[in-house]
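To convert, count from 1 in the sequence shown and add 462; that's the numbering used here.
Please read the structure below before turning to the comments.
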Amino acid sequence: MRMADTNDQRYKTGNPVCDALRFLCDASFAVLPRDAAQHLGEFEKNFWGGLRWFAEKNIGWIDESLDAADRLREEWRRRSAPPPTTEGPEPI
Numbered sequence: 463m464r465m466a467d468t469n470d471q472r473y474k475t476g477n478p479v480c481d482a483l484r485f486l487c488d489a490s491f492a493v494l495p496r497d498a499a500q501h502l503g504e505f506e507k508n509f510w511g512g513l514r515w516f517a518e519k520n521i522g523w524i525d526e527s528l529d530a531a532d533r534l535r536e537e538w539r540r541r542s543a544p545p546p547t548t549e550g551p552e553p554i
């Protein structure tokens, strides 16, 4: 069966690459028994959900590291700056 033979609107979005990938994804589940396809789908959703959780955590860690880097940079700048002089100009 060719993908173009189907009348399902899911495969007629106007983007042939996305349409083909969607059809291949659907077909990969369709070749399995219904129960196996459902279990595989749940596994994939859990996998991608865990990956999303890890990505969100990682983004949070990056934000925290950038904030800490700003604080360190400021501290280093203060330490390397020459101490301010409280004396007035030298007499002539």
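Cβ coordinates follow ideal geometry from the N, Cα and C atoms, glycine included.
Pick from Gly511, Phe491, Gly512: whose alpha carbon is nearest that of Leu502? Here residue 502 corresponds to residue number 40 of the sequence shown, with the count starting at 1. The residue with the shortest Cα to Cα distance from Leu502 is Phe491.
Take Arg472 and list the residues in its own chain whose beta-carbon comes closer than 7 Å to its own, dropping the five residues that flank it on each side. Counting from one through the sequence shown, the residue named residue 472 turns up at place 10. The answer, listed in chain order, is Arg484.
Tell me the start and end of each unbroken alpha helix (DSSP H) in the region 472 to 503 that is at least 4 residues and wholly inside, in chain order. List check, alpha helix (DSSP H) in window: 478 to 492.
Identify, in the order they occur along the chain, each residue of the same chain with its Cβ nearer than 8 Å to the Cβ of Asp488, setting aside the five sequence neighbours on each side. As a working note, residue 488 is residue 26 in the sequence shown. Result list for Asp488: Arg472, in chain order.
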